[in-house]
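Undergrad: So the sequence lines, in the order shown, correspond to chains A and B.
Just so we're on the same page, our numbering is the position in the first sequence counted from 1, plus 1.
Just so we're on the same page, our numbering is the position in the second sequence counted from 1, plus 1.
Quick reminder that beta carbons are idealized off the backbone N, C-alpha and C, glycines included.
No experiment lies behind these values; they were computed from the predicted model shown.
Protein chains: 2
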Amino acid sequence: MNDAMSKRNTCLDKPVKLAEKPIYLQVAYQLELDIKLSLKPGDLLDSEMNLAERFGVNRHTVRRSIEQLVQAGIVVKQQGRGTQVVSNQIEYLLNPSGKFTKNLNELGKTAHAIIVDKRILDFKNVPIKVQRYFDEKTHDQGYLAEVVTLRFMENVPVCLIHHYLSLAHLPDIHTSYLGGSLHQHISERFSYALERQQINISATLADGTESMHLKCAVKSPLVKLQSINRIRGSREVVEVSVSHSRPDRLQYQIDFKGE
Amino acid sequence: MNDAMSKRNTCLDKPVKLAEKPIYLQVAYQLELDIKLSLKPGDLLDSEMNLAERFGVNRHTVRRSIEQLVQAGIVVKQQGRGTQVVSNQIEYLLNPSGKFTKNLNELGKTAHAIIVDKRILDFKNVPIKVQRYFDEKTHDQGYLAEVVTLRFMENVPVCLIHHYLSLAHLPDIHTSYLGGSLHQHISERFSYALERQQINISATLADGTESMHLKCAVKSPLVKLQSINRIRGSREVVEVSVSHSRPDRLQYQIDFKGE
DNA sequence: AAGAATTTGTTCGTATGTATG
DNA sequence: CCATACATACGAACAAATTCT
């Protein structure tokens with residue numbers, strides 16, 4: 002890496018138009034190689050200071066390199082702890098019981114969710130695509146709760162979800178739900194077992210908010226799933242959720258019978 | 002913004018635990034406000050140096066603030082020129098009226114399809130994600146047929162599909178299939194009834210080829226579905242297909258039982 | 001349980017390279 | 001050629017979160 006720095010020497014006679022890539026990209030490339038060759042998911046990278054010393058560059062430069070890897074979904078950082086190699090894409094099976102957290106925990110993955118935002122929405126301000134799934138009664142009442150959650154797997158944000166919830170069925174959901182598994186909370190507090198009725202599949206580009214939460218680049222592709230959840234055995238739609246997830250981190254899967 | 006900096010003063014007597022956000026975020030917020038209030042798309046921001054002076058912070062700090070705006074898609078930077086407010090984001094248009102809803106169970110059975118390309122592939126050149134689903138026997142044989150089809154609905158191209166087909170089971174598929182429903186052709190010619198075993202869901206950005214065939218912009222989001230097809234009742238995988246479809250034209254849907 | 005050590009996060013400063021007009 | 005503006009890189013110091021002792 003020191004070759005790169007020689008560029009800064011003030012030798013007048015050398016018309017070196019090296020046109021090399023910036024150091025931080027070279028370091029990022031080398032780090033990525035190191036990770037592939039000698040590190041497993043979950044391993045911690047060497048500290049920024051050590052890496053800086055090893056590559057003979059400033060700590061800022063290393064930080065910028067690592068930032069590239071974060072953007073690429075290869076590592077995650079945590080203050081006070083370190084920089085951790087992330088496991089490969091995780092496969093997630095779509096089935097009628099939409100219990101995200103539970104399903105993943107059963108896969109042996111640590112999963113959790115935090116609340117990013119919540120509010121009460123006038124029904125008229127609910128996206129039309131969502132409105133259509135709620136029935137007249139709810140429509141008359143005029144309000145829905147919107148809860149935005151961010152879901153993590155192994156401390157990596159993978160999925161930003163807008164939940165639209167019927168206040169008729171779940172009166173204080175926007176205050177009582179404080180994170181974790183939403184469906185479990187609903188089941189415990191309201192004794193409703195929810196089940197998926199339908200899922201719509203689409204794709205979008207990450208906007209500013211999504212890129213911020215999901216730690217991905219603006220305009221990177223996201224899988225968009227809209228799922229309709231109703232009370233088991235009934236036709237009453239209680240929740241419509243719209244999720245945006247990073248395809249590089251989360252691979253949805255559908256299995257057809259036979260299993 | 003200078004209040005923020007007073008935090009660094011070494012006044013021992015003030016236990017100010019301001020708990021404020023980092024300066025770069027405060028500056029970013031203020032900049033965003035400025036842009037909304039007094040700048041039009043296309044306008045250039047003040048230079049980093051001026052902004053640094055105005056906010057009383059280091060230029061690095063301003064750079065980091067602006068970086069936030071870049072990530073959020075609010076501005077773009079150009080070396081030697083300046084930082085420009087971006088024209089109102091071109092909203093990705095979901096065309097509600099002209100959208101086709103398609104159930105995944107019917108995928109691959111559509112009638113109108115044309116062949117874009119076909120060839121025999123050495124197994125080693127098959128994408129790894131596809132390779133893994135074919136068993137040893139096919140692997141030994143060493144070749145797969147790749148057929149690329151473009152599917153239309155109402156004369157609009159909606160879906161570009163790469164079919165990877167086992168030549169062991171479908172010896173002359175690459176010459177005998179001439180368009181139309183692929184699964185029907187396979188059923189008629191080889192008496193194999195295919196059934197879908199699994200679907201993987203992802204999202205990508207349209208590349209040159211895809212945008213050409215699908216008549217969409219390069220880098221527009223596409224739904225990517227990989228489906229694994231085997232002979233009904235057996236475990237033998239005969240076809241793996243990877244489809245890219247326009248979410249504005251084609252809405253996939255999964256229904257869970259109860260239907 | 002308290003404190004030290006470690007690691008990432010933020011901010012300042014300075015210098016030089018490179019693209020634009 | 002020159003002035004301007006962004007890009008890269010170095011150094012130093014302290015803050016904040018986590019882990020270890």
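Apart from the five residues just before and just after A:I162, which ones in its own chain have a Cβ nearer than 6 Å to its Cβ?
TA: Stepping through the first sequence from its first residue, residue 162 of chain A is reached at position 161. Within the same chain, A:I162 has close Cβ partners T150, S242, S244.
Undergrad: With a threshold of 8 Å, are at least 3 pairs of Cβ atoms found where one atom belongs to the stretch 200-216 of chain A and the other to the stretch 208-224 of chain B?
TA: They touch, by the three-pair rule.
Undergrad: If you measure from the beta carbon of A:T84 to each beta carbon in chain B, is any gap under 8 Å?
TA: Reading the first sequence from its first residue, position 83 is the one you call residue 84 of chain A. It does not; no Cβ of chain B falls within 8 Å.
Undergrad: Tell me whether B:V219 is buried or exposed, calling it buried when 16 or more other Cβ atoms sit within 10 Å of its Cβ.
TA: Position 218 of the second sequence, counting from 1, holds the residue named residue 219 of chain B. Label assigned to B:V219: exposed.
Undergrad: What does DSSP give as the partner residues of B:P248 in its beta bridges?
TA: Position 247 of the second sequence holds residue 248 of chain B. B:P248 is not bridged to any residue.
Undergrad: State the Cα-Cα distance for the pair A:K37 and B:G234, rounded to the nearest angstrom.
TA: For the purposes of this step, residue 37 of chain A is taken as residue 36 along the first sequence, with counting starting at 1. For the purposes of this step, residue 234 of chain B is taken as residue 233 along the second sequence, with counting starting at 1. Approximately 39 Å between the Cα atoms of the pair.
Undergrad: Under 7 Å Cβ-Cβ, which residues of chain B neighbour A:V224?
TA: Your numbering for residue 224 of chain A matches position 223 in the first sequence. In chain order: I202, S203, A204.
Undergrad: In chain order, which continuous runs of the beta strand (DSSP E) of length 3 or greater are located wholly inside the stretch 41-86 of chain B?
TA: Correct list: 76-79, 83-86.
Undergrad: Taking C-beta pairs closer than 9 Å, name the residues in chain B that A:V219 reaches, listed in chain order.
TA: Along the first sequence, read from residue 1 onward, the residue named residue 219 of chain A stands at position 218. Residues of chain B passing the Cβ test: V71, Q72, A73, G74.
Undergrad: If we count the other Cβ atoms within 10 Å of its Cβ and call it buried at 16 or more, is A:M154 buried or exposed?
TA: In the first sequence, residue 154 of chain A corresponds to position 153, counting from 1. A:M154 is buried by the Cβ-count criterion.
Undergrad: Closest to A:T176 by C-alpha separation, out of A:C160, A:I121, A:S48, A:R197, would be which residue?
TA: Translated into positions along the first sequence, residue 176 of chain A becomes position 175. Comparing Cα-Cα distances from A:T176 to each of A:C160, A:I121, A:S48, A:R197, the minimum goes to A:I121.
Undergrad: Should A:L95 be flagged as near chain B, meaning a C-beta pair shorter than 8 Å?
TA: Here residue 95 of chain A refers to the residue found at position 94 of the first sequence. So yes, A:L95 belongs to the interface.
Undergrad: On the DSSP bridge assignment, give the partners of B:D173 in chain order.
TA: In the second sequence, residue 173 of chain B corresponds to position 172, counting from 1. B:D173 is not bridged to any residue.
Undergrad: Going by the beta-carbon positions, is the gap between A:Q1 and A:I229 smaller than 8 Å?
TA: What is shown of chain A runs 2 to 260, which leaves residue 1 of chain A out entirely.
Undergrad: Please confirm whether B:E196 and B:R152 have their CB atoms less than 8 Å apart.
TA: Taking the second sequence and counting its residues from 1, one reaches residue 196 of chain B at position 195. Taking the second sequence and counting its residues from 1, one reaches residue 152 of chain B at position 151. No, Cβ-Cβ distance for B:E196 and B:R152 is not below 8 Å.
Undergrad: At a cut of 8 Å, does the stretch 114-133 of chain A reach the stretch 37-57 of chain A through at least three beta carbon pairs?
TA: With the cut-off at 8 Å, the stretch 114-133 of chain A and the stretch 37-57 of chain A do not touch.
Undergrad: Report the partner residues of B:K119 according to the DSSP bridge assignment.
TA: Residue mapping note: residue 119 of chain B aligns to position 118 of the second sequence, counting from 1. Answer is B:V148, bridged to B:K119.
Undergrad: Going by other Cβ atoms of all chains shown within 10 Å of its Cβ, with 16 needed for buried, is A:A194 buried or exposed?
TA: Taking the first sequence and counting its residues from 1, the one referred to as residue 194 of chain A is at position 193. Label assigned to A:A194: exposed.
Undergrad: For A:F153, which three-state DSSP category applies?
TA: The sequence position of residue 153 of chain A within the first sequence is 152, counting from 1. Note: A:F153 maps to strand in three-state DSSP.
Undergrad: Would you report the Cα separation of B:V63 and B:Y25, rounded to the nearest angstrom?
TA: Walking along the second sequence from the start, residue 63 of chain B turns up at place 62. Walking along the second sequence from the start, residue 25 of chain B turns up at place 24. Cα to Cα, the separation comes out at about 7 Å.
Undergrad: Of the choices A:L34, A:P23, A:K22, A:K78, whose alpha-carbon is the least far from that of A:G43?
TA: To locate residue 43 of chain A, count along the first sequence from 1; it is residue 42. Of the listed residues, the one whose Cα sits closest to A:G43 is A:K78.
Undergrad: Identify which residue in A:L34, A:R190, A:I255, A:R247 has its Cα closest to the Cα of A:I67.
TA: Stepping through the first sequence from its first residue, residue 67 of chain A is reached at position 66. Residue A:L34 is the option with its Cα nearest to A:I67.
Undergrad: Roughly how many whole angstroms lie between the Cα atoms of A:D256 and A:V159?
TA: Within the first sequence, the letter at position 255 stands for residue 256 of chain A. Within the first sequence, the letter at position 158 stands for residue 159 of chain A. Each residue's alpha carbon lies about 21 Å from the other.
Undergrad: Could you give the first and the last residue of the continuous beta strand (DSSP E) run that contains B:S203?
TA: Counting from one through the second sequence, the residue named residue 203 of chain B turns up at place 202. Unbroken beta strand (DSSP E) run through B:S203: 195-206.
Undergrad: Only counting the same chain, and skipping five residues up and downstream in sequence, which positions put a Cβ closer than 8 Å to that of B:L166?
TA: Within the second sequence, the letter at position 165 stands for residue 166 of chain B. If we look at B:L166 and ignore the five residues flanking it on each side, its Cβ neighbours are L145, A146, E147, V148, I174, H175, V239, E240.
Undergrad: Quick check: the Cα distance between A:D136 and A:Y253, rounded to an integer number of angstroms?
TA: Numbered from 1 along the first sequence, position 135 holds the residue referred to as residue 136 of chain A. Numbered from 1 along the first sequence, position 252 holds the residue referred to as residue 253 of chain A. Straight-line Cα distance between these residues: approximately 29 Å.
Undergrad: What does DSSP give as the partner residue(s) for B:I255 in the beta ladder?
TA: Here residue 255 of chain B is taken as the residue at index 254 of the second sequence, counted from 1. A:I200.
Undergrad: For B:R27 versus A:S212, is the C-beta spacing smaller than 8 Å?
TA: As a first step, residue 27 of chain B must be located in the second sequence, where it is residue number 26. As a first step, residue 212 of chain A must be located in the first sequence, where it is residue number 211. A quick correction: the sequence has Gln, not Arg, at residue 27 of chain B. Contact: no.
Undergrad: To the nearest angstrom, report how far apart B:A5 and B:R55 are at their CA atoms.
TA: As a first step, residue 5 of chain B must be located in the second sequence, where it is residue number 4. As a first step, residue 55 of chain B must be located in the second sequence, where it is residue number 54. Low per-residue confidence applies at B:A5: pLDDT is 37, beneath 50, and the placement is therefore not dependable enough to give any value.
Undergrad: Can you list, in chain order, the residues of the stretch 237-255 of chain B whose Cβ is nearer than 8 Å to any Cβ on chain A?
TA: Listed by position along the chain: P248, Q252, Y253, Q254, I255.
Undergrad: Does A:Q80 pass the burial test, meaning 16 or more other C-beta atoms within 10 Å, or should it be called exposed?
TA: The residue given as residue 80 of chain A occupies position 79 in the first sequence. By the neighbour-count rule (16 or more Cβ atoms within 10 Å), A:Q80 is not buried but exposed.
Undergrad: State the Cα-Cα distance for the pair B:G181 and A:P248, rounded to the nearest angstrom.
TA: Against the second sequence, residue 181 of chain B aligns to sequence position 180. Against the first sequence, residue 248 of chain A aligns to sequence position 247. Between B:G181 and A:P248, the C-alpha separation is close to 31 Å.
Undergrad: Check the Cβ of B:R197 against every Cβ in chain A and list those closer than 7 Å, keeping chain order.
TA: Translated into the one-based positions of the second sequence, residue 197 of chain B becomes position 196. Within chain A, the residues near B:R197 are F257.
Undergrad: Just to confirm my understanding: we take A:L95, look at its own chain, exclude 5 residues before and 5 after, and list those with CB closer than 7 Å. What are they?
TA: In the first sequence, residue 95 of chain A corresponds to position 94, counting from 1. The residues are I200, Y253, Q254, I255.
Undergrad: Do B:A29 and B:Q85 have their C-beta atoms within less than 8 Å of each other?
TA: Your numbering for residue 29 of chain B matches position 28 in the second sequence. Your numbering for residue 85 of chain B matches position 84 in the second sequence. Not closer than 8 Å, so no.
Undergrad: If we call anything under 8 Å between Cβ atoms a contact, is A:I187 one with A:L171?
TA: Against the first sequence, residue 187 of chain A aligns to sequence position 186. Against the first sequence, residue 171 of chain A aligns to sequence position 170. The answer is yes: Cβ separation under 8 Å.
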